[in-house]
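Here's the structure, in structure tokens; my notes come after.
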Amino acid sequence: MEDLLRERGIDISYATVRFWWNRFGPTFAAEIRKRRVQQLRAHSNWQWHLEEVFVKINGETHYLWRAVDHKGEVLESYVTKRWDRKAALKLLRKTTKRF
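For the sequence shown, the positions run 1369 to 1467 when our numbering is used.
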């Protein structure tokens, strides 16, 4: 990005590009994800499922719950220390409210 702008006569540092990325990147990613999901939902075969993955954070086992659509796009995620019905229902409610 720095080189592309330099070709156009704009001199910026890598720190500025990183700042822009940290500030605007999540907004752009959320908008792209939202549009992709809207397009997928328009098809009659759109479906999603829940899955859990065991992860270690600071040496402790945690559970990463994810809602994933049929193309592999992560719709929602939730990390918890417990692997129980309450955690699964929380993710399910969160996902159905959003999608």
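Every residue, glycine too, gets a C-beta built ideally from N, C-alpha and C.
| To the nearest whole angstrom, what separates the beta carbons of H1417 and V1423, a pair I think is in contact under 8 Å? | Along the sequence shown, one-based indexing puts residue 1417 at 49. Along the sequence shown, one-based indexing puts residue 1423 at 55. The Cβ separation is near 19 Å, so there is no contact.
| message | Is it buried or exposed, W1433, if we count other Cβ atoms within 10 angstroms and call 16 or more buried? | response | Taking the sequence shown and counting its residues from 1, the one referred to as residue 1433 is at position 65. By the 10 Å Cβ count, W1433 comes out buried.
| task | Using 10 angstroms around the beta-carbon of A1397, count the other beta-carbons present and answer buried if the total reaches 16, otherwise exposed. | result | Along the sequence shown, read from residue 1 onward, the residue named residue 1397 stands at position 29. Exposed, because fewer than 16 other Cβ atoms sit within 10 Å of the Cβ of A1397.
| Closest by CA to K1462, which one among Y1446, W1451, L1373? | Within the sequence shown, the letter at position 94 stands for residue 1462. The shortest C-alpha separation from K1462 is found at Y1446.
| request: Give the secondary structure of R1461 by DSSP, where H, G and I count as helix, E and B as strand, and everything else as coil. | output: Against the sequence shown, residue 1461 aligns to sequence position 93. Note: R1461 maps to helix in three-state DSSP.
| request: Pick out the complete alpha helix (DSSP H) segments inside the stretch 1372–1459, 4 residues or longer, and give them in chain order. | output: 1382–1410
| said: Using 8 Å as the threshold, is the C-beta distance between V1385 and E1370 below it? | reply: Numbered from 1 along the sequence shown, position 17 holds the residue referred to as residue 1385. Numbered from 1 along the sequence shown, position 2 holds the residue referred to as residue 1370. In contact: V1385 and E1370 (Cβ atoms closer than 8 Å).
| request: Would you mind working out which of E1420, L1443, I1425, R1466 sits nearest A1456, comparing C-alpha positions? | output: Here residue 1456 refers to the residue found at position 88 of the sequence shown. It is E1420 whose Cα lies nearest to the Cα of A1456.
| field | Beta-carbon proximity check, R1403 vs E1441, cutoff 8 Å | value | If you number the sequence shown from 1, residue 1403 lands on position 35. If you number the sequence shown from 1, residue 1441 lands on position 73. No. Outside cutoff.
| query | Contact check, H1438 vs Q1406 under 8 Å by CB: the rounded distance? | reply | In the sequence shown, residue 1438 corresponds to position 70, counting from 1. In the sequence shown, residue 1406 corresponds to position 38, counting from 1. Contact flag wrong, Cβ pair sits at about 15 Å.
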